[in-house]
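Reminder that position 463 of the sequence shown reads as 462 in numbering that gives the first Met the number 0, one-by-one numbering, no gaps. Note that CB positions come from ideal geometry on N, CA and C, so glycine has one too. Notes to accompany the following structure.
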Amino acid sequence: MDRIIFFTKAPRLGFGKSRLKPYLSEQERLELMINLINDNYEKIKSSGKDYVVYYDGEKNDIDFIGGKKLLQFGDGLGRRMRNAIFQELETADKVVLIGSDLNNLTTEDINCAFDKLDEYDVVISPTKDGGYGLIGMKNQIDIFMDIIYSTPRVLEDTIKKIKFFNKSYYLLPTIRDVDNLVDLVGAEFDSNNVSLIGAGEYNMNFKIDNMVVRINIASQLNLGDKQIAYEFGALEALENSGVTPKPIKLYEKGKFIPFGFLTMEYIEGRPLEYYRDFQIAAELLAKVHNTLIQDADLIYAERPFQTMYDEFVTMYSVYKLWDGKNAETEKRIDKFMEIAKDSGLDNEIQNPCIINTELNNRNFIIGNNSKIIDWEKPIIGECEQDLAHFLVPTTTNWKTDVILSVDEMMSFLDMYEKYRHVDREKFMKYLMFNSLRGVTWCSMAKVEYSNERTLKNDETLDKINKFLSPEFLDMLSIFYEVN
């Protein structure tokens with residue numbers, strides 16, 4: 000007789016899927032576990048094989064599925080699997096143990112495992128993380144002891160055990176389990192070809208073939224769960240520019256990803272290099288800024304300097320109230336805030352266009368099909384704001400060592416003005432405001448980094464500390480005396 004062991008934890012709120020804790024709520028993680036158990040249970044039933052459920056936890060937490068249920072026993076995962084398989088081999092000819100967090104298990108996989116046991120002593124379905132999601136045997140072979148589980152060496156060490164006993168084994172196709180966010184994206188799109196290509200402070204981007212899956216962790220625009228739809232709308236509005244990624248699809252919620260996300264085309268290339276790629280950058284930015292805005296459902300900055308100043312106040316207040324603030328840093332930012340306020344905040348928007356508001360060199364993908372990516376915070380504003388943000392030291396020095404002189408900035412504007420006019424006096428004012436925006440964001444982020452934060456980046460923290468140093472702030476003060 001053939002028999003399947005369905006080996007599972009009994010799902011309970013607050014337990015399990017700990018690697019997804021930064022992204023999924025307790026309820027979302029519980030629902031994910033239940034969905035995976037249900038999906039795999041149905042496939043086991045449809046195989047027509049005899050089966051038994053071995054569970055860890057409370058029986059009433061697993062009673063939503065049927066079948067005979069036995070409590071797992073033994074110290075550690077290896078001993079519990081060994082005990083379950085050995086016990087079932089007392090009354091079955093072949094036993095296959097299947098985990099419950101598998102995503103792409105098929106009835107054919109199950110039947111193939113039993114068929115291969117006619118030829119081999121052990122069958123295993125590897126997982127991408129170095130473990131396995133299915134293991135079967137026809138005789139009691141103790142290949143589970145002295146193996147450290149939940150490491151990338153589980154499969155390798157198990158095979159060594161099989162060889163030690165001079166037994167044969169067969170590796171079935173790699174099976175997908177769901178333990179982390181990459182796995183979750185893979186499950187959503189039924190793909191084993193998922194890679195994380197970028198994680199910012201508020202989003203994560205995954206590549207699947209020629210497509211990017213973009214997930215928001217938080218919203219700088221305070222849009223909550225509407226943030227991803229806002230970004231998708233911006234990509235749609237900019238599609239005719241020809242210099243932004245083509246949007247593919249907006250998802251309010253996925254089968255496995257329990258919140259909204261979008262897909263867009265993947266752009267091959269490299270980040271922009273200052274100086275070398277200035278002409279390309281000028282052309283790309285002008286095409287964005289010259290795109291018609293009639294169909295763009297984006298935030299309209301009627302009084303951009305007031306809007307930016309209000310943002311400074313909100314971000315900086317977090318630092319002002321923080322017990323760990325630096326007095327010298329605070330003194331300098333206070334002075335910046337006063338100068339910005341006195342420069343005038345009531346100017347209304349002129350020559351409105353779509354702007355990115357957060358341009359840095361990594362927003363540009365330079366290649367055969369150069370484009371501008373990461374449309375997290377676009378608004379209807381003024382091109383001078385975008386240009387100033389792109390050229391200001393708090394941007395150029397963020398991911399590179401470049402700090403441009405005013406003359407170098409003016410040379411870039413000369414290139415840009417082949418395609419669109421720039422109010423240079425307004426540009427200089429935006430330089431001051433954008434430097435203050437960078438500094439006040441760093442002040443807020445410094446506090447967030449001192450607390451628990453979903454996404455943390457050591458490189459980002461180093462730059463935050465640099466930009467808040469009195470030396471860097473003094474450089475900004477001197478640099479913007481022209482304002």
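Item                                                                                                                                                                                    : Value
Give every residue of the same chain whose Cβ lies closer than 8 Å to the Cβ of Leu220, excluding the five residues on either side of it in the sequence, and list them in chain order. : Gln226, Tyr229, Ile298 and Lys376
Report the option in Asp385, Lys445 and Phe143 whose CA atom is closest to the CA atom of Gly73.                                                                                        : Phe143
So, helix, strand or coil for Asp145, using DSSP?                                                                                                                                       : coil
Look at the alpha carbon of Leu430 and the alpha carbon of Asn360, and state the distance between them as a whole number of angstroms.                                                  : 17 Å
Hey, how far is the Cα of Val391 from the Cα of Leu403?                                                                                                                                 : 7 Å
If Met408 and Met314 are in contact, beta carbons under 8 Å, what's the gap, nearest whole angstrom?                                                                                    : Not really, about 25 Å apart at Cβ, beyond 8 Å.
Where Asn82 and Asp189 are concerned, what is the direct C-alpha to C-alpha distance, given to the nearest angstrom?                                                                    : 33 Å
Does the separation of the CB atoms of Tyr265 and Val312 fall below 8 Å?                                                                                                                : no
Identify the residues that DSSP records as bridge partners of Ser194: which are they?                                                                                                   : Lys206
Taking contact to mean at least 3 C-beta pairs separated by less than 8 Å, is the region 139 to 158 in contact with the region 189 to 204?                                              : no
Looking at C-alpha atoms only, which residue of Ile207, Gly129, Gly232 and Ala280 is the closest neighbour of Ile292?                                                                   : Gly232
Does DSSP put Pro257 in a helix, a strand or coil?                                                                                                                                      : coil
Helix, strand or coil: which one does DSSP assign to Met0?                                                                                                                              : coil
Under three-state DSSP, which class holds Glu381?                                                                                                                                       : coil
Excluding sequence positions up to five away, which residues of its chain have a Cβ less than 6 Å from the Cβ of Glu267?                                                                : Gly366
Just to confirm my understanding: we take Leu234, look at its own chain, exclude 5 residues before and 5 after, and list those with CB closer than 7 Å. What are they?                  : Thr243, Pro244, Pro246, Met263 and Trp374
Using a Cβ-Cβ cutoff of less than 7 Å, which residues in the same chain neighbour Asp345 once the five nearest sequence positions on both sides are dropped?                            : Arg302 and Gln305
Looking at C-beta atoms only, is the number of pairs between the region 94 to 101 and the region 62 to 76 that lie closer than 8 Å three or more?                                       : no
Please list, in chain order, all residues of the same chain as Ile279 whose beta carbon is under 7 Å from its beta carbon, the five residues on each side excluded.                     : Ile365 and Ser369
Within a Cβ cutoff of 7 Å, which residues of the same chain sit near Ala0, ignoring the five residues on either side of it in sequence?                                                 : The sequence shown places Met at residue 0, rather than the Ala named in the question. So the qualifying residues of the chain are Asp49, Ala91 and Asp92.
Between Ile463, Asn396, Lys58 and Glu107, which lies nearest to Ser449 when the distance is taken from Cα to Cα?                                                                        : Ile463
Looking at Tyr119: is its Cβ nearer than 8 Å to the Cβ of Tyr168?                                                                                                                       : yes
Is Phe432 near Met336, with beta carbons less than 8 Å apart?                                                                                                                           : no
What are the complete alpha helix (DSSP H) segments, minimum 4 residues, inside the region 4 to 65?                                                                                     : 25 to 45
Cβ atoms of Tyr148 and Gly77: under 8 Å apart, would you say?                                                                                                                           : yes
Taking 8 Å as the threshold, find out whether the region 174 to 187 comes into contact with the region 110 to 126 through three or more Cβ pairs.                                       : yes
Which first and last residues belong to the beta strand (DSSP E) in which Gly132 is found?                                                                                              : Tyr131 to Met136
Where Pro469 and Ser476 are concerned, what is the direct C-alpha to C-alpha distance, given to the nearest angstrom?                                                                   : 10 Å
My understanding is that Ala236 touches Ala285, with C-beta atoms under 8 Å, so please give their C-beta distance in whole angstroms.                                                   : Contact doesn't hold; Cβ gap of about 17 Å is too wide.
Would you kindly report the start and end of the unbroken beta strand (DSSP E) that includes Leu96?                                                                                     : Lys93 to Gly98
Helix, strand or coil, according to DSSP, for Ile477 in the structure here?                                                                                                             : helix
Can you name, in chain order, every residue of its own chain whose Cβ lies under 8 Å from the Cβ of Asn530, other than the five neighbours on each side?                                : Examination of residue 530 is not possible in this model, given that the chain is present from 0 through 482 alone.
Sorted by chain position, which residues of the same chain lie with C-beta nearer than 8 Å to Ala112's C-beta, five sequence neighbours on each side aside?                             : Val95, Val122, Ser124, Leu133, Gly135 and Leu171
If you draw a straight line from the C-alpha of Val481 to the C-alpha of Ser342, how long is it?                                                                                        : For Val481, the predicted model reports a pLDDT of 48, less than 50, meaning its position is unreliable; a value from the coordinates is still stated below. Whole-angstrom Cα-Cα distance: 12 Å.
In three-state DSSP terms, what is Arg213?                                                                                                                                              : strand
Please tell me whether Asp373 has its Cβ less than 8 Å away from any Cβ of chain B.                                                                                                     : Within the model displayed, chain B is absent; a lone protein chain is all it includes.
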